[in-house]
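A quick write-up on the structure given underneath.
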Amino acid sequence: MPWAPDDRDVRWRMRAALRGQLPFLLAVLYLVVAAGVAAPALFSLGLVVAGFALVVVASVAAVAVPWERLPTGWLALVPAIDMVAVACLRVEMLSTFGWVGGLSLFPILWFSYGFAWYAIFAAVLGSAFITLLPYLLDQAPPETALQWFNVLGLPVLSVGIGVVTMLAAQRLRGTARATREALQASRDGEILLANVLNTVNAGIVHFDASGSLVASNAHAGRFADLAGIDISRPPYHGPAILAADRVTPIPPDDQIVPRALRGEELDDGIAWIGPPGRQVALVASSRQVRRDDGELLGTVLVVYDVTEIAQAAELREQFLETVSHELKTPMTGILGFLDLLEEETDPGAVKQREYLDVVRRRSADLMDRVREMLAAAESDTPLHVGGVDVAGLVARAVHAVEEKMPDAGGRIAVSAPHEASAEIDGARMSQAVRELIVNAVKFGDPDAPIEVNVAVDDERVRVEVSNRGPDIAAAEQARLYDRFYRAPGAMSRAIQGFGLGLTVVAATADAHGGEVLVDSGDGTTTFTIDIPRAPVFA
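The sequence shown begins at 0 in numbering that gives the first Met the number 0 and counts up by one.
And the structure:
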């Protein structure tokens with residue numbers, strides 16, 4: 000099959016001609032113009048005509064000959080012909096144009112930077128030929144020291160120029176090679192990053208310091224389309240970004256991307272995006288990227304699709320609420336009929352009354368579980384704030400627990416100030432304190448005291464409940480407030496409960512703008528409800 004040059008071959012050849020031959024050709028054209036204007040008689044001389052003819056041959060060969068098919072060294076024929084052309088022109092034109100010998104610098108440079116290091120010898124030989132040609136034509140060698148120095152001057156100069164040019168070319172090639180490798184590594188990194196971004200099951204967006212989009216993956220594009228956002232340019236807010244109720248639109252400045260670009264932490268729950276029927280639940284996290292000196296480089300935003308988790312949580316809440324209400328009605332009826340049975344049972348029927356007592360206790364336990372579920376289901380209801388005596392509230396909570404759990408009687412010690420009023424939801428707070436005391440009774444040592452301490456200052460209300468007993472491991476403390484979570488110790492000791500008590504406590508503290516703290520170690524566990532004395536949003 001005959002060889003046919005492709006575009007890359009032609010481009011390589013044209014680059015070689017432009018870099019190596021074109022500067023020399025332009026200099027020769029200037030010489031032609033100068034001779035035509037100032038000394039046209041020179042064109043009648045054979046060596047001048049031969050020199051210009053060789054320049055034409057070399058220039059045409061540089062472009063037309065398929066050097067890419069030949070070994071690289073063959074291209075050196077072009078600067079070699081140029082050297083011969085300069086030698087011919089110098090013989091006849093040196094006396095008129097003293098700079099004509101300087102044309103040899105162009106092929107010398109080409110030899111030095113365009114070929115292997117040993118091409119320098121070709122440059123030296125070519126320079127020697129240029130200076131020796133007049134003597135060769137006269138068939139008389141140089142006779143004086145001056146003539147020899149003139150003969151050797153250009154070769155020596157070509158060696159110096161060649162070495163400097165060769166070293167510079169090698170360094171340039173090294174730099175170019177390193178640049179190409181760095182560029183290739185950068186391209187490989189971009190390809191790898193693009194594949195990683197599109198592999199991760201999350202929306203990832205990178206903005207620069209000015210807030211302009213740098214990169215994003217396919218998941219981010221899908222989320223942006225659902226939200227009605229054009230992620231490629233600001234403003235980065237859309238009409239279909241809703242709060243957790245799936246109805247209330249989130250104001251533009253409070254939406255995910257504007258907050259991330261302001262450097263805010265995005266850890267405050269779920270946002271829903273998309274039109275009805277296609278809504279997706281998202282949680283987001285972001286981080287500003289900075290140099291070591293603190294200069295902002297950009298912002299990385301990561302958005303996760305948690306629709307299945309959010310729907311499962313909603314289903315759990317609906318189940319909890321439905322079951323608790325559905326159980327409360329029949330349990331109320333059961334307890335009512337127990338009262339009737341007790342009234343109708345003969346006082347002397349000891350065995351029957353014992354059975355009724357067992358049924359009542361078990362029914363009361365079941366009703367307690369129902370109340371726990373109801374409290375957990377209603378833990379996000381609005382507060383009903385009013386003036387409350389915290390010390391009295393705690394005393395009543397202790398009394399309620401002692402009535403319900405007789406084995407706790409006499410073990411609960413309360414320390415509270417005489418004046419401890421606060422603007423709080425008394426019912427919710429009383430329930431939270433009861434839950435903490437019940438937990439202390441259930442999980443603490445049965446013979447150890449339980450301490451309840453109340454502290455109220457100008458700003459805060461703190462209620463501490465401490466008990467002696469097994470420590471709560473650090474790994475368990477992070478899950479204490481999860482609904483239905485029960486620690487391994489509760490399971491192994493068959494302690495009754497649904498794992499909702501501490502959930503109610505945490506929800507109550509959070510609703511008041513406070514928190515629940517736990518400290519467990521050395522056989523003592525202390526839970527602390529810490530809330531504002533007067534919640535500003537109540």
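Using N, Cα and C, we set each Cβ at its ideal position, and we do this for glycine too.
Item	Value
C-beta atoms of G468 and F442 nearer than 8 Å	yes
Collapsed DSSP secondary structure at E142 in the structure displayed	coil
Q254 versus S284, P275, R277, G276, residue with shortest Cα-Cα distance	S284
Endpoints, the alpha helix (DSSP H) within which V517 is located	Per DSSP, V517 belongs to no alpha helix (DSSP H); it is in the beta strand (DSSP E), 514-520.
Pairwise C-alpha distance: E422 and T344	48 Å
7 Å Cβ shell around V99 - same chain, five flanking residues per side excluded	L30, L88, R89, M92, L93
Residue span of the alpha helix (DSSP H) that contains L69, given as start and end	From DSSP, L69 is part of no alpha helix (DSSP H); its letter is neither H nor E.
For A412: DSSP bridge partner residues	E450
Where H218 sits in the DSSP three-state scheme	helix
Integer-rounded CB distance, given that V432 should sit under 8 Å from I449	Their Cβ separation, rounded to whole angstroms, is 12 Å, which puts I449 and V432 out of contact at 8 Å.
Contact check, I436 vs I471, beta carbons under 8 Å	no
Cα-Cα separation, A493 to G202	Confidence in A493 is poor, its pLDDT being 46 and thus under 50, which makes the residue's placement too unreliable to answer from.
Cβ neighbours of V27 in the same chain (closer than 6 Å, five flanking residues each side left out)	V54
Inter-residue Cα distance where the pair is R289 and R461	40 Å
Under 8 Å between C-beta atoms of A239 and I272	yes
Environment of D424 [buried if 16+ CB atoms lie within 10 Å]	buried
CA-to-CA distance, D456 to V389, given in whole angstroms	12 Å
Cβ-based neighbour list, V515, same chain, cut-off 8 Å, excluding 5 preceding and 5 following	Y480, L501, V504, A505, A508, F526, T527, I528, D529
Span of the alpha helix (DSSP H), counted from its first residue to its last, around A473	473-476
Nearest to E475 (by Cα), restricted to the options P133, S519, G385	S519
Residue closest to L365, alpha-carbon to alpha-carbon, out of T298, I333, G173, R68	I333
CA nearest to the CA of P539, picked from A510, A177, T95	What is shown of the chain runs 0 to 537, which leaves residue 539 out entirely.
I129: first and last residue of the uninterrupted alpha helix (DSSP H) it sits in	118-137
Own chain partners of L74 with C-beta closer than 6 Å, once the 5 adjacent residues on each side are dropped	W66
Neighbourhood of M404 by C-beta, 8 Å cutoff - its chain only, sequence neighbours within 5 removed	V437, V440
Buried/exposed call for Y112, threshold 16 Cβ in 10 Å	buried
Sequence-distant residues of the same chain with beta carbon closer than 7 Å to Y235, five excluded per side	I228, V256, P257
Segment limits, alpha helix (DSSP H) that includes T502	500-510
Classification of R18 by the beta-carbon crowding that lies within 10 angstroms, buried from 16 upward	exposed
Contact under 8 Å by Cβ, S429 with V453	no
Residues sharing a beta bridge with P531, DSSP	R459
Cβ-Cβ separation, P78 to W109 (assumed contact under 8 Å), whole Å	4 Å
Straight-line gap, I80 to L135 (C-alpha atoms, nearest Å)	18 Å
Contact check, A34 vs F42, beta carbons under 8 Å	yes
Residues of its chain near V400, where Cβ-Cβ distance is below 8 Å and the 5 sequence neighbours each way are ignored	A407, I411, R433, I436, V437, V440
Residue range of the unbroken alpha helix (DSSP H) whose run includes G100	Taken as a continuous stretch (DSSP letters only), G100 belongs to no alpha helix (DSSP H), as it is neither H nor E.
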